[in-house]
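The next block holds one structure in the form of structure tokens; read it before the comments.
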Ligand code: 13P
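Residue numbers (the numbering used here): 713 to 1052.
Encoded structure:
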């Protein structure tokens, strides 16, 4: 493990004003996204859409890295240039999703366990050869009055740390993603309680499995009231609750925390990040690794029509610029209406 190189890559991914685009939707998930705009999901349409994003002019000013899916890291643009080279040429670091999805956890109704450790050492070596310098593994936890169970928290923490250790051995920065799903009617206090438990367990396992905290990034949920809550927490409450949980649980050696958007509206995902950064100085960089909150507007503008590629790019770059501002604590809602 070359910790100096891992640390340099991790820090580059959270450089000032920059964050990550999660474009690693599995074939099933991208089909769902394309269904919303009436576009058939084929190898070519998926390639065209990813090329639209990756060739957006100046993408490297606001996006530090892109998380790719297995199919995409092997694909070439219409002119034959590998998509990884398109990204590198634009100053963007290629990454790769390596988990194989959250599957039902035996004996634990309503809970999941993420699979993909078998053969991971060999897959990481191949991905490194294809240009990946960082990776992602997502575990999910549901909140109810009684869930998540200790069992679910423990097995997912163990797998996240096994994945992280293998990534670091391969010279790949692991993004460790424990996502406490914010569906339901729970209070923000309950979300804070569960997120704290999950993060404590994850960092205990990372230590037990000898992972170097300087060479990884954390990709957590924000601490929110449930999406179905009758009393949604304010932007300020979310920012305070989330930062408070991290101060209790995330060691200062971790270079950055890159949030998932998790189904929040585009504007709220940006406003929450901005509010947290306005509370700074923090020991870690607080940035974004958004999928939906960076892509929804672009998909709607594109709609699969080649004539709309520029409109799709503008919509994507606009959201990227707003999140870049939020990463610096410089966002305000009025910026939503300015051109990118
Ligand atoms: P969302 O921002 O759409 O939650 O996706 C981020 C991600 O990579 C989830 O694994």
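For each residue, glycine too, the CB sits at the ideal point set by N, CA and C. Note that the structure is predicted; figures quoted are calculated from it, not measured.
Inter-residue CB distance, residue i and residue j (contact presumed, cutoff 8 angstroms)
i: residue 1005; j: residue 986; result: With a Cβ gap of about 13 angstroms, residue 1005 and residue 986 do not count as contacting.
i: residue 726; j: residue 968; result: 3 angstroms
i: residue 912; j: residue 852; result: About 17 angstroms separates the two Cβ atoms, so there is no contact after all.
i: residue 731; j: residue 999; result: 4 angstroms
i: residue 757; j: residue 1016; result: 7 angstroms
i: residue 785; j: residue 839; result: 7 angstroms
i: residue 829; j: residue 823; result: Going by Cβ atoms, the distance from residue 829 to residue 823 rounds to 18 angstroms, so no, they are not a contact pair.
i: residue 775; j: residue 842; result: With 8 angstroms as the limit, residue 775 and residue 842 do not qualify as a contact, their Cβ atoms being about 19 angstroms apart.
i: residue 751; j: residue 766; result: Not confirmed; about 18 angstroms, so no contact.
i: residue 764; j: residue 1021; result: 5 angstroms
i: residue 882; j: residue 837; result: 6 angstroms
i: residue 867; j: residue 825; result: 5 angstroms
Identity of the residue in the options nearest residue i by Cα
i: residue 869; options: 890, 857 and 976; result: 890
i: residue 966; options: 940, 983, 941 and 930; result: 930
i: residue 759; options: 1043, 1037, 1050 and 1018; result: 1018
i: residue 848; options: 971, 1011 and 1033; result: 971
i: residue 943; options: 805, 834 and 898; result: 898
i: residue 1040; options: 1024, 1032 and 989; result: 989
i: residue 755; options: 782, 768 and 769; result: 782
i: residue 932; options: 1022, 888 and 959; result: 888
i: residue 941; options: 791, 991, 895 and 858; result: 895
i: residue 909; options: 992, 945 and 855; result: 855
i: residue 1001; options: 809, 713 and 787; result: 809
i: residue 874; options: 926, 827 and 857; result: 827
i: residue 742; options: 1025, 1032 and 1003; result: 1003
i: residue 926; options: 938, 884, 850 and 939; result: 884
i: residue 918; options: 892, 871, 939 and 945; result: 871
i: residue 995; options: 959, 1050 and 1024; result: 959
i: residue 850; options: 792, 719, 886 and 791; result: 886
i: residue 1023; options: 768, 867 and 865; result: 768
i: residue 807; options: 945, 928 and 997; result: 928
i: residue 857; options: 938, 790, 719 and 945; result: 938
i: residue 992; options: 1032, 945 and 1042; result: 1042
i: residue 865; options: 831, 914 and 835; result: 914
In DSSP terms, what residue i is bridged to
i: residue 850; result: 889
i: residue 778; result: 733 and 806
i: residue 998; result: 969
i: residue 826; result: 814
i: residue 929; result: 887 and 968
i: residue 1045; result: Paired residue(s): none; residue 1045 is not in a bridge.
i: residue 794; result: 788
Cβ neighbours of residue i in the same chain (closer than 7 angstroms, five flanking residues each side left out)
i: residue 935; result: 900, 903, 904, 907, 950, 953, 954 and 957
i: residue 762; result: 735, 784 and 795
Cβ neighbour criterion (16 or more within 10 Å) applied to residue i
i: residue 976; result: buried
i: residue 845; result: buried
i: residue 739; result: exposed
i: residue 744; result: exposed
i: residue 716; result: exposed
i: residue 860; result: buried
i: residue 880; result: buried
i: residue 1008; result: buried
i: residue 815; result: exposed
i: residue 963; result: exposed
i: residue 833; result: exposed
i: residue 737; result: buried
i: residue 1046; result: exposed
i: residue 1044; result: exposed
i: residue 801; result: exposed
Same chain, Cβ closer than 6 angstroms to residue i, five either side skipped, listed in chain order
i: residue 877; result: 921 and 923
i: residue 1027; result: 1009, 1010 and 1013
i: residue 983; result: 947
i: residue 812; result: 827 and 828
i: residue 1038; result: 982, 985 and 986
i: residue 1036; result: 729 and 774
i: residue 803; result: 772
i: residue 787; result: 759 and 795
i: residue 916; result: none
i: residue 997; result: 726 and 968
i: residue 746; result: 753
Same chain, Cβ closer than 8 angstroms to residue i, five either side skipped, listed in chain order
i: residue 749; result: 1011, 1012, 1014, 1015 and 1016
i: residue 805; result: 721, 724, 725, 776, 777, 778, 799, 845 and 846
i: residue 1048; result: 979 and 1034
i: residue 713; result: 880, 881, 883, 924 and 927
i: residue 1025; result: 764, 765, 767, 768, 769 and 1010
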